[in-house]
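When the sequence shown is numbered by our numbering, its final residue is 272 and no position is left out of the sequence of numbers. Below: the structure, in structure tokens.
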Amino acid sequence: MPGPFDWDQSYEVRVPVIDAQHRDLLSSIKMAISQLSEENNPQELSPLLDGIAHGAGVHFKFEKDLMEAYADPRFQALRNEDTSLLPQLHRFKERDLAGVSIHKLEHVSAFVSVWLSTHINTQDRPLAAHLNLVGAKEAQA
Ligand SMILES: [Fe+2]
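See below:
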């Protein structure tokens, strides 16, 4: 049965480079979470959160550059707007006083998986539609 971090066709926006980055982001999150769940020793949650934040930050930058390069009309509105992901990861970090627990991991997993589908549906589908409209080379399979 597919878990929250398994790739699902419904995540596809049909821009190969964006789909590939989402796949990579998902699989690195899945790997980090499953490694932590199997650890017997309490560990810091911070490296996991930093890793997610870093991967997502690189991805956001890539998408913003695409929006700018192809004059997506939403670019001006979005460029200064923070997404909910990075501030929330930061809040998780601030609460990380007693190391990892299954409960915390579940909380982080649930948040990140909801965030990803929201990100794809609200940010990336309109971007993909724009890239297709203007005939961007990235939108060609
Ligand atoms: Fe994305």
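Positions of the beta carbon are idealized from the N, C-alpha and C atoms, including for glycine.
Among D139, W138, I149 and D137, nearest to L262 - alpha-carbon criterion: I149
C-alpha gap between A241 and E269, whole angstroms: 31 Å
Separation of S177 from F191, as counted between CA atoms: 20 Å
For F206, the three-state DSSP class (helix, strand or coil): helix
Helix, strand or coil at I149 according to DSSP, with G and I counted as helix: helix
Three-state secondary structure assigned by DSSP to R226: coil
Residues passing the C-beta test against ligand 1 heavy atoms, cut-off 7 Å: Taking each Cβ in turn, the ones that pass are I149, Q152, H153, H190, E194, H250, I251, Q254 and D255.
Nearest-angstrom Cα separation, counted from M198 out to D258: In the sequence on display, residue 258 carries Leu and not Asp. So the two alpha carbons sit approximately 7 Å from each other.
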